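Asker: Right, I'll just put the structure down here and ask away after.
2 protein chains.
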Amino acid sequence: MHHTITPESPVGIFDSGIGGLTVLKAVQAALPSERIIYFGDTARVPYGTKSQVTIRKYAADDTAILMRYQPKLIIVACNTVSALALDLVEKSSDSLPVIGVLKAGAEHAVKVTQNGRIGVIGTQATVGSNAYARAINQLNAEIQVVSQACPLFVPLAEEGFIDHPATRLIAEEYLAGIRSEGIDTLVLGCTHYPILRRVIARIMGPQIRIIDSAEAVALRTKTLLAESGLLNSSSKASTPHLLVSDLPQKFSQLYQLFMGSELPDVELVEV
Amino acid sequence: MHHTITPESPVGIFDSGIGGLTVLKAVQAALPSERIIYFGDTARVPYGTKSQVTIRKYAADDTAILMRYQPKLIIVACNTVSALALDLVEKSSDSLPVIGVLKAGAEHAVKVTQNGRIGVIGTQATVGSNAYARAINQLNAEIQVVSQACPLFVPLAEEGFIDHPATRLIAEEYLAGIRSEGIDTLVLGCTHYPILRRVIARIMGPQIRIIDSAEAVALRTKTLLAESGLLNSSSKASTPHLLVSDLPQKFSQLYQLFMGSELPDVELVEV
């Protein structure tokens with residue numbers, strides 16, 4: 525049941541909700557001619573607080589939705605799915621190339637660290653899975669990885685508590701331990717966290733390099749498409765096709781928070 | 525397709541997740557001999573940030589799950605569903621009596637207020653629906669209702685930030701407006717909020733009476749069962765039957781937070 529893949533085929537991106545828009549934005553900036561299909565599972569968001577069984581079921585559903593659009597490549601913009609269900613996305617996507625934010629972020633962090641001590645922050649499910657440490661240690665077994673779940677960062681970002689004293693207090697508490705571990709690199713292991721980047725950076729201090737996986741994903745996507753002769757050579761910039769499983773009241777506001785632009789047309793799909 | 529209803533039939537309770545356990549606890553305390561089936565849709569929680577279409581779909585699913593157990597009565601422990609989909613629960617439950625937390629809380633507040641000014645706090649969906657104001661004004665059109673969405677209270681409660689300085693800052697910000705409105709009664713229009721009751725009460729001040737709908741629901745349930753001759757006369761205390769759609773890592777911890785007791789056996793059901 526292979527579909528035909530051409531340079532004109534779209535790039536598929538999915539996420540548990542709208543956090544993955546940070547990835548969409550980076551891919552669009554790096555590859556403006558690519559057609560992009562983005563699916564956000566806004567009816568079942570968040571994934572990060574749920575069990576592995578449920579996350580894997582949702583990941584299979586999300587992949588099936590993107591496969592209807594016959595993509596040439598799938599990007600898993602959700603760290604939780606990248607950590608717990610990437611194999612399932614690969615199995616459900618007909619041997620298409622699959623790029624997960626987690627591996628891209630891990631690779632970037634390994635390149636950047638000088639002292640071999642990397643910190644990772646993310647949702648409870650991502651941190652509990654230990655997947656960042658595994659991905660980093662597969663690249664370099666000597667590197668020490670310290671991680672910390674920051675479960676309130678997603679709701680704080682979504683509520684726009686970006687530089688609020690309460691956010692600073694909570695971030696101070698979450699990050700105190702990891703800051704004292706002598707790391708020189710911190711991976712933002714959740715696509716919402718770039719929204720809180722300034723608060724996080726201020727607490728961690730200027731000597732710690734912060735890695736946002738979205739840009740790493742965009743670069744890997746570009747390389748992979750170029751290597752396989754699948755770059756879209758059209759000179760026309762393409763508008764992304766947005767699919768969501770729910771359209772809550774706040775959607776347009778959240779879209780602006782993540783993308784910095786007005787909400788385009790959005791298509792509602794059932795999960 | 526009516527099922528046979530006897531005093532031995534169970535009382536069904538459902539919620540978007542585990543917040544409704546505060547209702548289970550109150551019903552159990554008021555009616556220790558009743559068999560209770562509780563369903564929490566932990567795979568799709570939260571509902572309060574989602575659209576009405578999605579909330580109504582989920583409410584129909586939740587009702588269908590309880591109906592398998594042939595209950596004599598259904599309690600909607602979720603304020604969001606009570607606000608946006610109670611009619612659908614009534615339609616899907618074969619003319620069983622349905623008790624929603626929202627109406628029970630509204631009735632209690634109307635009884636309690638002296639000055640005719642009632643405040644309501646809840647999720648964005650509940651507050652946006654204006655359902656509390658409608659329910660209160662159906663009982664007494666003269667009463668003024670002021671409401672405020674407090675979207676961060678659910679994650680703060682679930683993360684155990686019960687009496688944290690950050691919680692106090694956020695609560696101070698959410699409640700400043702409603703406190704200045706001259707209300708004498710405040711309805712906790714979300715089942716998670718009793719967890720933060722102390723912080724809320726301190727900010728509102730001692731002159732404002734706080735209404736927790738869970739107890740109002742328990743009393744209404746007792747009256748309704750007694751009136752229809754359906755009280756279970758068994759002298760044996762019954763253990764509730766717990767159903768959930770997901771069993772996340774933190775489930776047992778959250779159960780303890782809400783119930784103050786160890787987690788009993790839990791059954792996983794598909795939605």
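Residue numbers (our numbering), protein chains in the order written: chain A, 525 to 795; chain B, 525 to 795.
We treat Cβ as the ideally placed atom computed from N, Cα and C, and that holds for glycine.
The model shown is predicted, which means the values in this text are computed figures rather than measured ones.
Applying a beta-carbon distance threshold of less than 7 Å, which residues of chain B neighbour Asp770(A)?
Answerer: Along the first sequence, one-based indexing puts residue 770(A) at 246. By Cβ distance, chain B contributes Lys574, Ser575 and Thr578.
Asker: Would you list, in chain order, the members of the stretch 549 to 570 of chain A that have their beta-carbon closer than 9 Å to a beta-carbon of chain B?
Answerer: Those would be Thr566, Ala567, Arg568, Val569 and Pro570, in chain order.
Asker: For a cutoff of 9 Å on Cβ pairs, would you count Gln638(A) as touching chain B?
Answerer: By 1-based counting over the first sequence, the position of residue 638(A) is 114. Output row for Gln638(A): interface = no.
Asker: Assign Tyr593(A) to one of three DSSP states: helix, strand, or coil.
Answerer: Along the first sequence, read from residue 1 onward, the residue named residue 593(A) stands at position 69. Coil, per DSSP.
Asker: Measuring only the C-alpha atoms, how far is Ala742(B) from Ala550(B)?
Answerer: Taking the first residue of the second sequence as 1, we reach residue 742(B) at position 218. Taking the first residue of the second sequence as 1, we reach residue 550(B) at position 26. Straight-line Cα distance between these residues: approximately 6 Å.
Asker: Taking only beta-carbon atoms, is Glu697(B) less than 9 Å away from chain C?
Answerer: Checking the listed chains, one finds no chain C in this structure; the protein chains it contains are A and B.
Asker: Tell whether a beta-carbon distance below 9 Å holds between Ile686(A) and Ile660(A).
Answerer: In the first sequence, counting from the first residue as 1, residue 686(A) sits at position 162. In the first sequence, counting from the first residue as 1, residue 660(A) sits at position 136. No, these two residues do not count as a Cβ contact at 9 Å.
Asker: In or out: Leu797(B) buried (at least 16 other Cβ within 10 Å) or exposed?
Answerer: Because residue 797(B) is not part of the residues shown, which for chain B are 525 to 795, the question remains open.
Asker: Which residues in chain A sit within 9 Å of Leu693(B), going by Cβ to Cβ distance?
Answerer: Translated into positions along the second sequence, residue 693(B) becomes position 169. Those within 9 Å of Leu693(B) in chain A are His688, Pro689, Ala690 and Leu693.
Asker: Can you tell which of Val790(A), Asp770(A), Lys774(A) and Thr745(A) has its C-alpha closest to the C-alpha of Pro764(A)?
Answerer: Residue 764(A) sits at position 240 when you count from the first residue of the first sequence. Selected option, being the one with the closest Cα: Val790(A).
Asker: Just grab the DSSP bridge partners of Thr709(B) for me.
Answerer: Within the second sequence, residue 709(B) is the residue found at index 185, counting from 1. Paired residues: Ile642(B) and Arg733(B).
Asker: Run through chain B and tell me which residues come within less than 8 Å of Gln507(A), C-beta to C-beta.
Answerer: One cannot answer for residue 507(A) here, as it falls past the ends of chain A, which runs 525 to 795.
Asker: Ignoring anything shorter than 4 residues, give me the alpha helix (DSSP H) runs that lie fully in the stretch 642 to 720 of chain B, in order along the chain.
Answerer: Counting whole runs of 4 or more residues, the stretch 642 to 720 of chain B contains the alpha helix (DSSP H) stretches 648 to 653, 655 to 663, 677 to 682 and 689 to 703.
Asker: Taking beta-carbon pairs under 9 Å, can you tell me which members of the stretch 663 to 675 of chain A lie near chain B?
Answerer: From the stretch 663 to 675 of chain A, only Pro675 have a Cβ closer than 9 Å to chain B.
Asker: Cutting at 7 Å between CB atoms, please list the residues of its own chain near Pro621(A), excluding the five before and the five after it.
Answerer: As a position in the first sequence, residue 621(A) is number 97, starting the count at 1. Excluding positions up to five away in sequence, the list reads Leu597 and Leu748.
Asker: Using the C-alpha atoms, what's the distance from Ser617(A) back to Thr528(A)?
Answerer: Locating residue 528(A) in the first sequence gives position 4, where the first residue counts as 1. Locating residue 617(A) in the first sequence gives position 93, where the first residue counts as 1. Cα to Cα, the separation comes out at about 13 Å.
Asker: Identify the contact partners of Glu683(B) in chain A, using a Cβ-Cβ distance below 7 Å as the criterion.
Answerer: Looking up residue 683(B) in the second sequence gives position 159. In chain order: Pro675 and Leu676.
Asker: For Ile561(A) and Thr715(A), I'd like the C-alpha separation in whole angstroms.
Answerer: Within the first sequence, residue 561(A) is the residue found at index 37, counting from 1. Within the first sequence, residue 715(A) is the residue found at index 191, counting from 1. Rounded to the nearest angstrom, the two C-alpha atoms are 18 Å apart.
Asker: What are the partner residues of Val613(A), as DSSP defines its beta bridges?
Answerer: Residue mapping note: residue 613(A) aligns to position 89 of the first sequence, counting from 1. DSSP, once it has assigned bridges, lists no residue as partnering Val613(A).
Asker: What are the boundary residues of the alpha helix (DSSP H) that includes Glu791(B)?
Answerer: Within the second sequence, numbered from 1, the residue matching residue 791(B) stands at position 267. No alpha helix (DSSP H) holds Glu791(B); the beta strand (DSSP E) holding it covers Val790 to Leu792.
Asker: Could you tell me the distance, in whole angstroms, from the CA atom of Ile724(A) to the CA atom of Ala695(A)?
Answerer: Here residue 724(A) refers to the residue found at position 200 when the first sequence is read from its first residue. Here residue 695(A) refers to the residue found at position 171 when the first sequence is read from its first residue. Using only the alpha carbons, I get a separation of about 7 Å.
Asker: Exposed or buried, which one is Val793(B) when buried takes at least 16 other CB atoms within 10 Å?
Answerer: For the purposes of this step, residue 793(B) is taken as the residue at position 269 of the second sequence. The residue in question, Val793(B), is exposed, as its Cβ has fewer than 16 Cβ neighbours within 10 Å.
Asker: Determine, using beta carbons only, whether Thr604(A) and Ala649(A) come nearer to each other than 9 Å.
Answerer: By one-based count along the first sequence, residue 604(A) stands at place 80. By one-based count along the first sequence, residue 649(A) stands at place 125. Contact flag set, yes.
Asker: From Lys574(B) to Val600(A), what distance separates their C-alpha atoms?
Answerer: Locating residue 574(B) in the second sequence gives position 50, where the first residue counts as 1. Locating residue 600(A) in the first sequence gives position 76, where the first residue counts as 1. Rounded to whole angstroms, Lys574(B) to Val600(A) spans 23 Å at the Cα level.
Asker: Taking Ile542(A) as the reference, which of Pro679(A), Ser758(A) and Thr745(A) has the closest Cα?
Answerer: Counting from one through the first sequence, the residue named residue 542(A) turns up at place 18. Ranking the options by Cα distance to Ile542(A), first place goes to Pro679(A).
Asker: Gly572(A) and Thr647(A) look like a contact to me (Cβ under 8 Å); what is the Cβ gap, rounded to whole Å?
Answerer: Position 48 of the first sequence, counted from the start, is the residue given in the question as residue 572(A). Position 123 of the first sequence, counted from the start, is the residue given in the question as residue 647(A). 3 Å between Cβ atoms; contact.
Asker: Whole angstroms is fine: what's the gap from Ala740(B)'s alpha carbon to Val577(B)'s?
Answerer: Residue 740(B) sits at position 216 when you count from the first residue of the second sequence. Residue 577(B) sits at position 53 when you count from the first residue of the second sequence. When rounded, the distance between both Cα atoms is 28 Å.
Asker: Answer yes or no: does any C-beta atom of chain B fall closer than 9 Å to that of Leu680(A)?
Answerer: The residue given as residue 680(A) occupies position 156 in the first sequence. It does; some Cβ of chain B falls within 9 Å.
Asker: Where DSSP assigns a beta bridge to Ile623(B), which residues make up the other side?
Answerer: If you number the second sequence from 1, residue 623(B) lands on position 99. The partner list for Ile623(B) (beta bridge, DSSP) reads Ile599(B).
Asker: With a threshold of 6 Å on Cβ separation, who are the neighbours of Glu614(B) within its own chain once the five nearest residues in sequence on each side are excluded?
Answerer: Taking the first residue of the second sequence as position 1, residue 614(B) is located at position 90. Contacts found: Val622.
Asker: Where Lys760(B) and Ile719(B) are concerned, what is the direct C-alpha to C-alpha distance, given to the nearest angstrom?
Answerer: Looking up residue 760(B) in the second sequence gives position 236. Looking up residue 719(B) in the second sequence gives position 195. If I take the Cα positions, the gap works out to 30 Å.
Asker: In the DSSP output, which residue or residues are listed as bridge partners for Asp618(B)?
Answerer: Taking the second sequence and counting its residues from 1, one reaches residue 618(B) at position 94. Its beta-bridge partners do not exist; DSSP assigns none.
Asker: Can you give the Cα-Cα distance for Gly701(B) and Ile727(B), rounded to whole angstroms?
Answerer: Counted from its first residue, the second sequence places residue 701(B) at position 177. Counted from its first residue, the second sequence places residue 727(B) at position 203. Between Gly701(B) and Ile727(B), the C-alpha separation is close to 12 Å.
Asker: Can you tell me which of Cys602(A), Gln777(A), Thr530(A) and Arg559(A) puts its alpha carbon nearest to the alpha carbon of Ala546(A)?
Answerer: Taking the first residue of the first sequence as 1, we reach residue 546(A) at position 22. According to the sequence shown, residue 546(A) is Thr rather than Ala. Here the closest residue by C-alpha is Cys602(A).
Asker: So, with DSSP's three-state summary, where would you put His765(A)?
Answerer: By 1-based counting over the first sequence, the position of residue 765(A) is 241. Here His765(A) sits in strand by DSSP.
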